[in-house]
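Take 25 as the starting number for the sequence shown in our numbering and just add one per residue.
Positions of the beta carbon are idealized from the N, C-alpha and C atoms, including for glycine.
As C-alpha coordinates, the structure follows; a few thoughts come after it.
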Amino acid sequence: MEEMPMEPISYFNMLLADPRITMLQIPDMQRPLEVARVYVQLRISEERQQGYDTPVIDEESTETTEDDPNVWIEEERQRRERHVEVIYDPEKAIHTFPRCVIMGGPGVGKTTLLRHLAIMAAQRSIAGMPSLLPVYVELQSFVRSGQHDLLDFVSATWEGAYAFPAQQARLLLANYLEEGKALLLLDALDETVVGETPEAAQQSYEAVSQAILALVADYPKASMVATIRKASYRQHKPLVGFTALEVMDFRFEDVKQFVRNWYDAAHDLQAEEKSADLIKRLDANSRLQTMATDPLL
25 MEEMPMEPIS YFNMLLADPR ITMLQIPDMQ RPLEVARVYV QLRISEERQQ
75 GYDTPVIDEE STETTEDDPN VWIEEERQRR ERHVEVIYDP EKAIHTFPRC
125 VIMGGPGVGK TTLLRHLAIM AAQRSIAGMP SLLPVYVELQ SFVRSGQHDL
175 LDFVSATWEG AYAFPAQQAR LLLANYLEEG KALLLLDALD ETVVGETPEA
225 AQQSYEAVSQ AILALVADYP KASMVATIRK ASYRQHKPLV GFTALEVMDF
275 RFEDVKQFVR NWYDAAHDLQ AEEKSADLIK RLDANSRLQT MATDPLL
(Lines of atoms letter the chains of each structure in order from A and count residues from 1; the text may use other names and numbers.)
(Lines give C-alpha, C1' and ligand atoms only; values in the text may rest on other atoms or scores of the structure.)
Protein backbone atom coordinates (compact mmCIF):
# COMPACT_ATOMS: atom_id res chain seq x y z
CA MET A 1 0.00 0.00 0.00
CA GLU A 2 1.34 3.43 -0.92
CA GLU A 3 2.17 5.52 2.13
CA MET A 4 0.17 8.69 2.70
CA PRO A 5 2.13 11.94 2.49
CA MET A 6 2.76 13.62 5.82
CA GLU A 7 1.41 16.96 4.58
CA PRO A 8 -2.21 16.26 3.56
CA ILE A 9 -2.59 19.28 1.28
CA SER A 10 -5.37 17.57 -0.66
CA TYR A 11 -7.35 17.11 2.56
CA PHE A 12 -6.97 20.78 3.47
CA ASN A 13 -8.22 21.78 0.02
CA MET A 14 -11.19 19.42 0.19
CA LEU A 15 -12.12 20.63 3.67
CA LEU A 16 -12.02 24.25 2.49
CA ALA A 17 -14.36 23.29 -0.35
CA ASP A 18 -16.74 21.29 1.87
CA PRO A 19 -20.01 23.20 2.39
CA ARG A 20 -20.68 21.20 5.57
CA ILE A 21 -17.71 23.05 7.06
CA THR A 22 -17.65 26.36 5.23
CA MET A 23 -21.39 27.09 5.06
CA LEU A 24 -23.91 27.65 7.83
CA GLN A 25 -27.56 26.74 7.25
CA ILE A 26 -29.88 28.81 9.44
CA PRO A 27 -33.45 27.51 9.98
CA ASP A 28 -36.03 29.33 7.86
CA MET A 29 -33.35 30.79 5.57
CA GLN A 30 -33.37 29.65 1.96
CA ARG A 31 -29.64 30.04 1.37
CA PRO A 32 -26.78 29.06 3.65
CA LEU A 33 -24.28 31.67 4.81
CA GLU A 34 -20.51 31.52 4.48
CA VAL A 35 -18.92 30.91 7.85
CA ALA A 36 -15.93 33.09 6.98
CA ARG A 37 -18.19 36.06 6.19
CA VAL A 38 -20.71 35.80 9.04
CA TYR A 39 -18.32 34.88 11.85
CA VAL A 40 -17.69 37.47 14.56
CA GLN A 41 -14.75 36.97 16.90
CA LEU A 42 -16.08 35.47 20.12
CA ARG A 43 -14.62 36.09 23.55
CA ILE A 44 -13.81 33.11 25.73
CA SER A 45 -13.24 33.00 29.48
CA GLU A 46 -12.22 30.29 31.88
CA GLU A 47 -15.17 29.33 34.05
CA ARG A 48 -14.66 30.23 37.67
CA GLN A 49 -16.69 30.07 40.83
CA GLN A 50 -18.04 33.57 41.03
CA GLY A 51 -18.22 35.60 44.18
CA TYR A 52 -21.13 37.71 45.24
CA ASP A 53 -21.28 41.41 44.47
CA THR A 54 -23.06 43.45 47.08
CA PRO A 55 -25.65 45.42 45.14
CA VAL A 56 -25.29 49.17 45.14
CA ILE A 57 -28.42 50.72 46.56
CA ASP A 58 -29.45 53.69 44.51
CA GLU A 59 -33.02 54.91 44.35
CA GLU A 60 -32.88 55.96 40.72
CA SER A 61 -31.17 52.79 39.48
CA THR A 62 -33.46 50.58 41.57
CA GLU A 63 -36.55 52.17 40.08
CA THR A 64 -35.18 51.80 36.56
CA THR A 65 -34.32 48.16 37.13
CA GLU A 66 -37.81 47.41 38.38
CA ASP A 67 -39.36 49.17 35.40
CA ASP A 68 -37.10 47.56 32.82
CA PRO A 69 -35.71 44.06 33.48
CA ASN A 70 -33.24 44.56 30.65
CA VAL A 71 -31.35 47.00 32.84
CA TRP A 72 -30.87 44.19 35.35
CA ILE A 73 -29.76 41.82 32.58
CA GLU A 74 -27.13 44.27 31.38
CA GLU A 75 -25.95 44.87 34.94
CA GLU A 76 -25.72 41.10 35.44
CA ARG A 77 -23.61 40.74 32.28
CA GLN A 78 -21.24 43.43 33.53
CA ARG A 79 -21.12 41.82 36.98
CA ARG A 80 -20.10 38.47 35.46
CA GLU A 81 -17.35 40.10 33.44
CA ARG A 82 -15.94 41.76 36.55
CA HIS A 83 -15.26 38.27 37.94
CA VAL A 84 -13.38 37.17 34.82
CA GLU A 85 -9.63 37.48 35.23
CA VAL A 86 -8.70 36.88 31.58
CA ILE A 87 -10.72 37.01 28.36
CA TYR A 88 -9.25 35.15 25.40
CA ASP A 89 -9.90 35.11 21.71
CA PRO A 90 -10.71 31.52 20.65
CA GLU A 91 -7.34 30.86 19.01
CA LYS A 92 -5.49 31.97 22.13
CA ALA A 93 -7.88 29.94 24.29
CA ILE A 94 -7.20 26.64 22.53
CA HIS A 95 -3.48 27.38 22.52
CA THR A 96 -3.59 28.02 26.28
CA PHE A 97 -5.99 25.15 27.01
CA PRO A 98 -5.33 22.46 24.36
CA ARG A 99 -7.95 20.21 25.92
CA CYS A 100 -11.10 22.16 26.73
CA VAL A 101 -14.88 22.23 26.73
CA ILE A 102 -16.42 25.46 25.44
CA MET A 103 -19.82 26.08 26.98
CA GLY A 104 -22.53 28.50 25.94
CA GLY A 105 -26.24 28.92 25.50
CA PRO A 106 -28.16 28.01 22.35
CA GLY A 107 -27.42 30.26 19.41
CA VAL A 108 -24.25 31.88 20.75
CA GLY A 109 -22.13 30.54 17.89
CA LYS A 110 -20.47 27.37 19.20
CA THR A 111 -20.84 25.42 15.95
CA THR A 112 -19.80 28.44 13.89
CA LEU A 113 -16.74 28.79 16.11
CA LEU A 114 -15.60 25.19 15.57
CA ARG A 115 -16.07 25.48 11.81
CA HIS A 116 -14.16 28.76 11.87
CA LEU A 117 -11.31 27.03 13.71
CA ALA A 118 -11.35 24.17 11.18
CA ILE A 119 -11.07 26.67 8.33
CA MET A 120 -8.30 28.60 10.09
CA ALA A 121 -6.35 25.42 10.77
CA ALA A 122 -6.74 24.25 7.16
CA GLN A 123 -5.42 27.63 6.06
CA ARG A 124 -2.59 27.27 8.60
CA SER A 125 -3.42 30.62 10.11
CA ILE A 126 -3.93 29.85 13.82
CA ALA A 127 -1.28 31.86 15.63
CA GLY A 128 1.15 29.65 17.50
CA MET A 129 -0.44 26.49 16.05
CA PRO A 130 0.27 26.70 12.30
CA SER A 131 0.63 23.00 11.47
CA LEU A 132 -2.48 21.38 12.94
CA LEU A 133 -4.64 18.90 11.07
CA PRO A 134 -8.25 19.99 11.75
CA VAL A 135 -10.75 17.19 12.39
CA TYR A 136 -14.33 18.41 12.71
CA VAL A 137 -16.76 15.88 14.22
CA GLU A 138 -20.52 16.21 14.58
CA LEU A 139 -21.03 14.16 17.72
CA GLN A 140 -24.73 13.61 17.04
CA SER A 141 -23.79 12.01 13.70
CA PHE A 142 -21.30 9.83 15.56
CA VAL A 143 -24.10 8.58 17.82
CA ARG A 144 -26.40 7.92 14.86
CA SER A 145 -23.68 5.98 13.05
CA GLY A 146 -23.76 3.26 15.70
CA GLN A 147 -19.96 3.23 15.84
CA HIS A 148 -18.10 3.26 19.13
CA ASP A 149 -14.65 4.43 18.06
CA LEU A 150 -14.27 8.07 17.05
CA LEU A 151 -11.35 7.42 14.69
CA ASP A 152 -13.29 4.70 12.88
CA PHE A 153 -16.17 7.16 12.49
CA VAL A 154 -13.95 9.97 11.20
CA SER A 155 -12.18 7.60 8.80
CA ALA A 156 -15.49 6.40 7.38
CA THR A 157 -16.68 10.00 7.09
CA TRP A 158 -13.57 11.02 5.17
CA GLU A 159 -13.95 8.06 2.84
CA GLY A 160 -17.53 9.04 2.05
CA ALA A 161 -16.96 12.78 1.81
CA TYR A 162 -13.47 13.00 0.31
CA ALA A 163 -12.87 9.55 -1.25
CA PHE A 164 -10.04 9.17 1.27
CA PRO A 165 -9.58 5.39 1.88
CA ALA A 166 -10.70 4.72 5.44
CA GLN A 167 -7.74 2.54 6.37
CA GLN A 168 -5.22 5.14 5.20
CA ALA A 169 -7.25 7.92 6.81
CA ARG A 170 -7.14 6.15 10.15
CA LEU A 171 -3.37 5.68 9.95
CA LEU A 172 -2.93 9.34 9.09
CA LEU A 173 -5.19 10.45 11.94
CA ALA A 174 -3.43 8.22 14.45
CA ASN A 175 -0.04 9.54 13.37
CA TYR A 176 -1.04 13.20 13.67
CA LEU A 177 -2.79 12.63 16.99
CA GLU A 178 0.20 10.79 18.41
CA GLU A 179 2.53 13.63 17.44
CA GLY A 180 0.20 16.30 18.81
CA LYS A 181 -0.37 17.76 15.34
CA ALA A 182 -4.13 17.23 15.12
CA LEU A 183 -6.94 19.45 16.38
CA LEU A 184 -10.09 17.50 17.19
CA LEU A 185 -13.17 19.74 17.06
CA LEU A 186 -16.02 17.87 18.75
CA ASP A 187 -19.29 19.64 18.12
CA ALA A 188 -22.39 19.56 20.34
CA LEU A 189 -21.75 17.07 23.12
CA ASP A 190 -25.21 17.95 24.46
CA GLU A 191 -26.78 16.50 21.29
CA THR A 192 -25.54 13.03 22.22
CA VAL A 193 -28.14 12.82 25.00
CA VAL A 194 -30.53 10.73 22.90
CA GLY A 195 -32.68 7.72 23.70
CA GLU A 196 -36.22 6.56 24.26
CA THR A 197 -35.79 6.66 28.04
CA PRO A 198 -33.82 8.95 30.38
CA GLU A 199 -31.58 6.01 31.19
CA ALA A 200 -30.85 5.35 27.51
CA ALA A 201 -30.14 9.04 26.92
CA GLN A 202 -27.72 9.11 29.83
CA GLN A 203 -25.98 5.98 28.58
CA SER A 204 -25.65 7.55 25.13
CA TYR A 205 -23.95 10.63 26.59
CA GLU A 206 -21.64 8.55 28.75
CA ALA A 207 -20.67 6.32 25.82
CA VAL A 208 -19.60 9.35 23.77
CA SER A 209 -17.75 10.80 26.76
CA GLN A 210 -15.89 7.52 27.17
CA ALA A 211 -15.02 7.48 23.46
CA ILE A 212 -13.51 10.96 23.85
CA LEU A 213 -11.60 10.00 26.99
CA ALA A 214 -10.30 6.88 25.25
CA LEU A 215 -8.68 9.14 22.65
CA VAL A 216 -7.18 11.23 25.45
CA ALA A 217 -5.64 8.10 26.95
CA ASP A 218 -4.32 6.86 23.60
CA TYR A 219 -3.09 10.25 22.36
CA PRO A 220 -2.12 12.44 25.33
CA LYS A 221 -0.49 15.09 23.11
CA ALA A 222 -3.60 15.68 20.99
CA SER A 223 -5.52 18.95 21.15
CA MET A 224 -9.27 18.50 21.64
CA VAL A 225 -12.04 21.08 21.81
CA ALA A 226 -15.62 20.09 22.59
CA THR A 227 -18.67 22.34 22.64
CA ILE A 228 -21.79 21.92 24.74
CA ARG A 229 -24.66 23.91 26.15
CA LYS A 230 -23.73 25.04 29.63
CA ALA A 231 -26.95 23.77 31.23
CA SER A 232 -26.35 20.31 29.75
CA TYR A 233 -22.76 20.17 30.96
CA ARG A 234 -23.91 20.94 34.48
CA GLN A 235 -26.34 17.99 34.36
CA HIS A 236 -23.74 15.39 33.41
CA LYS A 237 -20.35 14.18 34.50
CA PRO A 238 -17.70 16.57 33.16
CA LEU A 239 -14.90 15.40 30.89
CA VAL A 240 -11.94 14.61 33.12
CA GLY A 241 -8.86 16.62 32.19
CA PHE A 242 -10.76 19.18 30.11
CA THR A 243 -10.75 22.84 31.13
CA ALA A 244 -14.23 24.37 31.23
CA LEU A 245 -14.39 27.57 29.16
CA GLU A 246 -17.37 29.77 28.46
CA VAL A 247 -18.47 31.98 25.57
CA MET A 248 -18.92 35.53 26.80
CA ASP A 249 -22.03 37.51 25.91
CA PHE A 250 -21.93 39.70 22.84
CA ARG A 251 -21.16 43.34 23.58
CA PHE A 252 -23.10 45.90 21.57
CA GLU A 253 -20.05 46.47 19.35
CA ASP A 254 -20.07 42.71 18.59
CA VAL A 255 -23.79 42.88 17.80
CA LYS A 256 -23.22 45.67 15.29
CA GLN A 257 -20.41 43.75 13.61
CA PHE A 258 -22.59 40.64 13.45
CA VAL A 259 -25.42 42.59 11.80
CA ARG A 260 -23.03 43.94 9.15
CA ASN A 261 -21.55 40.50 8.53
CA TRP A 262 -24.99 38.89 8.36
CA TYR A 263 -26.30 41.13 5.60
CA ASP A 264 -22.99 40.95 3.76
CA ALA A 265 -22.94 37.14 3.92
CA ALA A 266 -26.54 37.00 2.68
CA HIS A 267 -25.44 38.87 -0.48
CA ASP A 268 -28.20 41.39 0.09
CA LEU A 269 -28.05 44.17 -2.52
CA GLN A 270 -29.11 46.63 0.15
CA ALA A 271 -26.81 45.19 2.82
CA GLU A 272 -25.25 48.49 3.87
CA GLU A 273 -28.58 50.30 4.08
CA LYS A 274 -30.38 47.48 5.91
CA SER A 275 -27.59 46.85 8.39
CA ALA A 276 -27.34 50.56 9.18
CA ASP A 277 -31.11 50.73 9.74
CA LEU A 278 -31.13 47.71 12.07
CA ILE A 279 -28.16 49.02 14.03
CA LYS A 280 -29.93 52.36 14.40
CA ARG A 281 -33.05 50.63 15.74
CA LEU A 282 -30.98 48.51 18.11
CA ASP A 283 -29.17 51.58 19.35
CA ALA A 284 -32.49 53.21 20.22
CA ASN A 285 -34.01 50.18 21.94
CA SER A 286 -32.32 48.69 25.00
CA ARG A 287 -34.69 45.69 24.98
CA LEU A 288 -33.60 44.75 21.46
CA GLN A 289 -29.97 45.25 22.45
CA THR A 290 -30.42 42.77 25.28
CA MET A 291 -32.00 40.18 22.98
CA ALA A 292 -29.24 40.68 20.43
CA THR A 293 -26.57 39.40 22.83
CA ASP A 294 -27.78 36.04 21.46
CA PRO A 295 -26.76 36.34 17.77
CA LEU A 296 -29.55 34.22 16.30
CA LEU A 297 -32.22 36.17 18.17
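Delimiting residues of the alpha helix (DSSP H) encompassing residue i
i, result
"L237", "222-242"
"E297", "295-307"
"E202", "190-202"
"I50", "Careful: I50 lies outside any alpha helix (DSSP H) and carries neither H nor E."
"V33", "Note that residue 33 is Ile in the sequence shown, not Val. Unbroken alpha helix (DSSP H) run through I33: 33-40."
"G170", "Looking at the DSSP string, G170 is not in any alpha helix (DSSP H), and its letter there is neither H nor E."
"M144", "134-146"
"R275", "Taken as a continuous stretch (DSSP letters only), R275 belongs to no alpha helix (DSSP H), as it is neither H nor E."
"A60", "59-62"
Endpoints, the beta strand (DSSP E) within which residue i is located
i, result
"I252", "247-253"
"A268", "267-271"
"I68", "68-70"
Residue i - partner residues in DSSP beta bridges
i, result
"R123", "M248"
"V159", "L208"
"A263", "Per the sequence shown, the amino acid found at residue 263 is Leu instead of Ala. According to DSSP, which records beta bridges pairwise, L263 is partnered with nothing at all."
"G128", "R253"
"I111", "S69"
Beta-carbon proximity of residue i to residue j, cut-off 8 Å
i, j, result
"M127", "K254", "yes"
"K245", "E202", "yes"
"E215", "L157", "no"
"L196", "P32", "yes"
"A289", "E58", "yes"
"I143", "A212", "no"
"V217", "S256", "yes"
"Y63", "H119", "no"
"K298", "D292", "yes"
"D113", "R148", "no"
"L210", "T136", "no"
"E115", "A151", "yes"
"F282", "F274", "yes"
Beta-carbon separation (whole angstroms), residue i vs residue j, contact threshold 8 Å
i, j, result
"L138", "V249", "7 Å"
"L237", "V159", "With a Cβ gap of about 17 Å, L237 and V159 do not count as contacting."
"R123", "G265", "6 Å"
"Y200", "A193", "Y200 to A193, Cβ: 11 Å. No contact."
"V125", "I252", "6 Å"
"A180", "A187", "Not confirmed; about 12 Å, so no contact."
Below-8 Å beta-carbon distance, residue i vs any chain B residue
i, result
"A151", "Looking at the structure shown, chain B is missing, and only one protein chain is on hand."
At least three beta-carbon pairs within less than 8 Å, the region 223-243 to the region 162-173: Remark: three or more beta-carbon pairs, one from each stretch, lie closer than 8 Å, so the region 223-243 and the region 162-173 are flagged as touching.
Is it true that the region 34-51 meets the region 267-278, where meeting means three or more beta-carbon pairs spaced less than 8 Å apart? The region 34-51 and the region 267-278 do not touch, with fewer than 3 CB-CB distances between them shorter than 8 Å.
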